[in-house]
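**Q**
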Amino acid sequence: QYGLPPAERMSKIDNVAALQNNYLSQEADWLTFEATVSTDLDQIALAPGYLQREWTEGERRYFHYKMDAPILDFFAFLSARYKVKKDRWKDVAIEVYYDEAHAYNVDRMIYAVKKSLDYYTTELGPYQHRQVRILEFPRYERFAQSFPNAIPYSESIGFIADNRDPEAIDYVFYVTAHEVAHQWWGHQVVGGYVQGATVMSETLAQYSALMVMEKEYGPEKMRRYLKYELDRYLKGRGGELAEEMPLMLVENQPYIHYHKGSLVTYALKDYIGEEALNGALAAYIKKAAYQEPPYTTSIELLDFIRAAVPPEKQGIIEDLFERITLYDLRATQATATRRPDGTYEVKLEVDAQKLRADGQGRETPEAIDDWIDIGVMAEGDKGADRFLFLEKRHITQPHTEFDLVVKEKPARAGIDPINKLIDRNPDDNVTAVDVAK
């Protein structure tokens with residue numbers, strides 16, 4: 002009507018004024034928190050902080066909470082007829098507040114909290130609170146969200162989840178690990194209210210939770226989760242109505258900061274090693290935690306990551322974070338012959354194409370010069386693949402042939418078999434091995 006340009010989804014990453022505000026709240030920075038909450042006599046009222054006093058007065062029940070250190074202007078209040086299960090991790094109290102009829106996964110949540118605290122305090126730095134509380138709320142919404150030492154957690158996403166299938170993704174464990182990770186990514190480090198802010202909150206929480214998952218279930222089980230993340234990312238970019246942004250400039254686009262973020266950070270860890278990446282992240286936390294304005298950005302984060310990447314691998318920063326990079330990888334043929342010593346010689350042929358995309362989805366082929374996983378698998382328990390061979394090989398041509406030797410009869414072989422890279426058709430990465438009689 003007035004000839005104005007379209008409103009920005011988020012301010013540009015170098016907007017000096019926007020960097021005076023943090024991503025979680027534009028009304029205040031770090032604040033001192035204290036609250037008294039009243040509720041019905043048969044309910045427990047919850048807020049951030051530590052319970053100072055509880056009393057009844059008339060027909061109301063009162064709870065006085067106080068936080069012992071500054072927190073962001075980001076908190077929640079809940080009240081319900083709760084049962085409470087308590088546990089401890091070292092000197093940290095763990096409490097789950099839940100509906101008595103929804104006890105199915107409470108122990109699993111507590112276990113996930115302990116595993117998360119083990120990993121994060123070892124790899125990232127100290128936990129800043131003396132308690133972790135998980136607080137059930139009804140299933141009118143399906144999410145969990147991390148506030149200072151309190152995690153509201155939907156009935157439907159975790160408390161009534163059917164978690165009995167050992168082959169399914171254990172999303173109760175994963176969601177819990179993700180939310181605990183936000184106590185570092187979001188409540189210690191928070192980005193300025195500009196492009197890329199959710200890399201520091203959501204993407205790094207995704208990565209941290211992936212590592213806890215990998216420690217619990219092993220790298221072989223990660224393929225199913227990475228495939229899920231890849232499917233969600235590809236579906237999300239197909240429905241983008243404005244412009245897809247590179248990860249480092251994400252404009253609060255969940256399909257990018259969650260799903261692509263998982264793939265990117267897992268691939269980065271795979272390229273440079275878990276120790277190197279975690280060392281960079283821990284150093285970044287020391288620099289950016291509890292920061293006053295101007296707040297940190299994904300540019301600063303990438304400076305720390307770049308310092309941990311060897312010179313010969315610096316190109317992966319551009320591929321993963323700064324550009325929209327896609328692959329078309331395909332296993333075209335795999336044969337095997339049993340050798341006299343009982344081993345198997347595997348001949349594998351693969352095709353590989355690399356593409357750049359712009360924000361509107363227009364793609365441009367690019368010469369491939371990448372180190373990509375080549376794998377040979379045997380049949381594992383319950384149909385799960387078991388790797389006989391998994392190594393990165395230098396791919397520089399559209400078509401490449403490999404001669405490999407494995408100790409057992411192979412069943413499948415392919416390129417990027419765990420789906421670490423963003424491939425629009427990951428189902429053809431692996432093919433059955435034709436074993437000569």
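For the sequence shown, position 367 matches number 368 in my numbering, and the numbering has no gaps at all. Yeah, the Cβ is synthetic: ideal placement off N, Cα and C, and Gly gets one too.
(1) So, for A176: in the same chain, excluding its five sequence neighbours on each side, which residues have a beta-carbon less than 7 Å away from its beta-carbon?
(2) Using only the alpha-carbon positions, how far apart do L235 and E319 sit?
(3) Among residues of its own chain, excluding the 5 on either side of T432, which ones have a beta-carbon nearer than 8 Å to its beta-carbon?
(4) Of all the beta strand (DSSP E) runs that stay within the bounds of the region 25-105, which reach a length of 3 or more residues?
(5) Which residue's Cα is closest to the Cα of Q53: T204, A437 and A36?
(6) May I have the straight-line CA-CA distance separating F403 from E364, to the nearest angstrom?
(7) Ordered along the chain, which non-local residues of its own chain (more than five positions away) have a Cβ less than 6 Å from that of E124?
(8) Between the region 243-257 and the region 272-290, are three or more C-beta pairs nearer than 8 Å?
(9) Can you tell me whether G50 is buried or exposed? The criterion is at least 16 other CB atoms within 10 Å of its CB, across all chains shown.
(10) Thinking C-alpha only, which one of L79, K410, T326 and L330 is nearest N426?
(11) From what residue to what residue does the alpha helix (DSSP H) around Y172 run?
(12) In the structure shown, what three-state DSSP assignment does S263 receive?
(13) Drop a sphere of 10 angstroms on the beta-carbon of E137, count the other beta-carbons inside from all chains shown, and report buried for 16 or more, exposed for fewer.
(14) Does the distance from the CB of L25 to the CB of I72 come in under 8 Å?
(15) Just grab the DSSP bridge partners of K355 for me.
(16) Do L227 and Y267 have their beta-carbon atoms positioned less than 8 Å apart in this structure?
(17) Quick check: the region 10-24 against the region 183-199, are there 3 or more CB pairs under 8 Å?
(18) Could you tell me how far apart the beta carbons of Y83 and I45 are, in whole angstroms, since I believe they sit closer than 8 Å?
(19) Answer yes or no: do F322 and V377 have a C-beta to C-beta separation smaller than 8 Å?
(20) Can you tell me whether A48 is buried or exposed, with buried defined as 16 or more other CB within 10 angstroms of its CB?
(21) Tell me the DSSP secondary structure of Q196 in three-state form.
(22) I369 and T326 look like a contact to me (Cβ under 8 Å); what is the Cβ gap, rounded to whole Å?
(23) Are the beta-carbon atoms belonging to S12 and V195 less than 8 Å from one another?
(24) Do the region 335-351 and the region 307-315 make contact, defined as three or more Cβ pairs closer than 8 Å?
(25) Is Q334 near the ligand NAP, going by C-beta to nearest heavy atom under 7 Å?
(26) Rounded to the nearest angstrom, what separates D171 and M223 at their Cα positions?
(27) If you measure between the beta carbons of P149 and H130, is that distance less than 8 Å?
**A** On the basis of the coordinates in this document:
(1) On the sequence shown, position 175 is the one that residue 176 refers to. Checking the displayed sequence, the identity of residue 176 turns out to be Val instead of Ala. Same-chain partners within the cutoff: A145, I158 and G159.
(2) Counted from its first residue, the sequence shown places residue 235 at position 234. Counted from its first residue, the sequence shown places residue 319 at position 318. Rounded to the nearest angstrom, the two C-alpha atoms are 20 Å apart.
(3) The residue given as residue 432 occupies position 431 in the sequence shown. Closer than 8 Å at the Cβ level, and outside the excluded window around T432, lie A332, T333, Q334, A335, R413, A414 and G415.
(4) 35-41, 45-47, 51-58, 61-67, 79-81, 84-90 and 93-99
(5) The residue labelled residue 53 in the question sits at position 52 within the sequence shown. Looking at the Cα atoms, A36 is the closest of the given residues.
(6) Translated into the one-based positions of the sequence shown, residue 403 becomes position 402. Translated into the one-based positions of the sequence shown, residue 364 becomes position 363. Cα to Cα, F403 sits roughly 29 Å from E364.
(7) Within the sequence shown, numbered from 1, the residue matching residue 124 stands at position 123. Closer than 6 Å at the Cβ level, and outside the excluded window around E124, lie N279.
(8) no
(9) Taking the first residue of the sequence shown as position 1, residue 50 is located at position 49. Buried.
(10) If you number the sequence shown from 1, residue 426 lands on position 425. Answer by Cα proximity: L330.
(11) By 1-based counting over the sequence shown, the position of residue 172 is 171. From DSSP, the alpha helix (DSSP H) with Y172 extends over Y172 to A182.
(12) If you number the sequence shown from 1, residue 263 lands on position 262. Helix at S263.
(13) Position 136 of the sequence shown, counted from the start, is the residue given in the question as residue 137. Classification of E137: buried, given that the 10 Å Cβ count is 16 or more.
(14) As a working mapping, residue 25 is identified with position 24 in the sequence shown. As a working mapping, residue 72 is identified with position 71 in the sequence shown. Not a contact, by the Cβ cut-off of 8 Å.
(15) Counting from one through the sequence shown, the residue named residue 355 turns up at place 354. Y328 and E367, per the DSSP bridge assignment.
(16) Taking the sequence shown and counting its residues from 1, the one referred to as residue 267 is at position 266. Taking the sequence shown and counting its residues from 1, the one referred to as residue 227 is at position 226. Taking 8 Å as the Cβ cut-off, Y267 and L227 qualify as a contacting pair.
(17) yes
(18) As a working note, residue 83 is residue 82 in the sequence shown. As a working note, residue 45 is residue 44 in the sequence shown. About 5 Å separates the two Cβ atoms, so the contact holds.
(19) Residue numbering aside, residue 322 sits at position 321 when the sequence shown is read from its first letter. Residue numbering aside, residue 377 sits at position 376 when the sequence shown is read from its first letter. Going by C-beta atoms, F322 is not nearer than 8 Å to V377.
(20) Residue numbering aside, residue 48 sits at position 47 when the sequence shown is read from its first letter. Label assigned to A48: buried.
(21) For this step, residue 196 is matched to residue 195 along the sequence shown. Coil, per DSSP.
(22) Within the sequence shown, numbered from 1, the residue matching residue 369 stands at position 368. Within the sequence shown, numbered from 1, the residue matching residue 326 stands at position 325. The Cβ separation is near 11 Å, so there is no contact.
(23) Mapped onto the sequence shown, residue 12 falls at position 11. Mapped onto the sequence shown, residue 195 falls at position 194. Yes. Within cutoff.
(24) no
(25) Absent from the structure shown: the ligand NAP. Ligands present: none.
(26) Sequence index remark: in the sequence shown, residue 171 carries index 170 (1-based). Sequence index remark: in the sequence shown, residue 223 carries index 222 (1-based). Cα to Cα, the separation comes out at about 11 Å.
(27) Position 148 of the sequence shown, counted from the first residue, corresponds to residue 149. Position 129 of the sequence shown, counted from the first residue, corresponds to residue 130. Result yes, Cβ atoms of P149 and H130 sit closer than 8 Å.
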